[in-house]
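As structure tokens, the structure follows; a few thoughts come after it.
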Amino acid sequence: MVRNFLHALAILLLWLIVAGAAQATAGRDPYVYFFNETWNNFPEELARAKAEGKQGILLFFEMDECPFCHRMKKTVLNQPEVQAYYRKHFLNFSVDIEGDVEVTTFDGKTMSQKDFAFKVNRVRATPVFAFYDLQGKQVVRYTGATSSVEEFMWLGEYMEKGLYKTMRFTKYKRQKRKAARQEQ
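The sequence shown begins at 6 in my numbering and counts up one residue at a time.
Okay, structure coming up:
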């Protein structure tokens, strides 16, 4: 009887450990913790970004059927350190490239999300991460999923530190990877 109790207790503990590990890797919902709420009026969001001391605005162009968008949301945008960093430095908004929701563009024009994505931002593949400075000018654009949380953090640093003014992101990534290898 004691043996059965210990066996059941061991199974319960193992289950709790596995469930806890799964929950820890699941991360937090990006629509709650990464993306900011918006009325899709980007001139107003620029004013808000300035008032809050942000470095700019990040638009995540996505679509429902995009497996790479889902991968980014499930493995990168759901991570607490990513959410904290990006929320500190940027206002982050999702744009559905097939959406009919009306947006006001950075230059004050009104159109659907899909027209904003396709006609204004020339989004042809997803995901696209587009960073805008505080004047509403697109200054950094990254198409596709990043390879890791680390690379996505580097993308944020690249924008936040203004490095896009002096070098391409691929060069910055090489420098960061080289520095990481030298530290090992």
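The C-beta atom is built at its ideal place from N, Cα and C for all residues, glycine as well.
In this text, all values refer to a predicted model and were calculated from it rather than measured experimentally.
Enumerate in chain order the residues of its own chain whose CB-to-CB distance from residue i is below 6 Å, with the five nearest sequence positions on each side excluded.
i: Ala27; result: Unreliable positioning characterises Ala27 in this predicted model, as indicated by a pLDDT of 44, which lies under 50. A coordinate reading is not provided.
i: Lys181; result: Trp159
i: Leu168; result: Tyr177
i: Val108; result: Asn45, Gln118, Phe121
Between the alpha carbons of residue i and residue j, how many angstroms are there, rounded?
i: Pro72; j: Phe136; result: 22 Å
i: Val100; j: Glu188; result: 38 Å
i: Tyr163; j: Glu86; result: 16 Å
i: Phe174; j: Lys114; result: 30 Å
i: Phe47; j: Lys124; result: 16 Å
Whose C-beta lies closer than 8 Å to the C-beta of residue i among residues of the same chain, with five residues either side of it excluded?
i: Pro132; result: Phe65, Phe66, Glu67, Cys71, Phe73, Cys74, Met77, Thr148, Gly149, Ala150
i: Leu139; result: Leu51, Ala54, Lys55, Lys59, Gln60, Gly61
i: Val106; result: Asn45, Ser117, Gln118
i: Glu5; result: Residue 5 is absent from the structure shown; the chain starts at 6 and stops at 189.
i: Tyr91; result: Phe39, Leu63, Asn97, Gly161
Run through DSSP, which three-state label would residue i get?
i: Val125; result: helix
i: Asp101; result: strand
i: Leu82; result: coil
Near residue i, what residues of its chain come up, given a Cβ to Cβ distance below 7 Å and the 5 sequence neighbours on each side ignored?
i: Ala52; result: none
i: Phe40; result: Asn97, Phe98, Ser99
i: Leu82; result: Pro35, Phe39
i: Gly104; result: Ser117, Gln118, Lys119
Ends of the beta strand (DSSP E) at residue i?
i: Phe157; result: Run containing Phe157: none in the beta strand (DSSP E); it sits in the alpha helix (DSSP H), 154 to 165.
i: Phe65; result: 61 to 67
Across which residues does DSSP place residue i in a beta bridge pair?
i: Phe136; result: Leu63, Val145
i: Met116; result: Val108
Could you tell me whether any non-hydrogen atom of the ligand FMN is closer than 6 Å to the CB of residue i?
i: Val37; result: You won't find the ligand FMN in this model; it holds no ligand whatsoever.
Following the continuous alpha helix (DSSP H) through residue i, name the residue where it begins and the one where it ends.
i: Phe39; result: Premise fails: Phe39 is in no alpha helix (DSSP H) and is neither H nor E.
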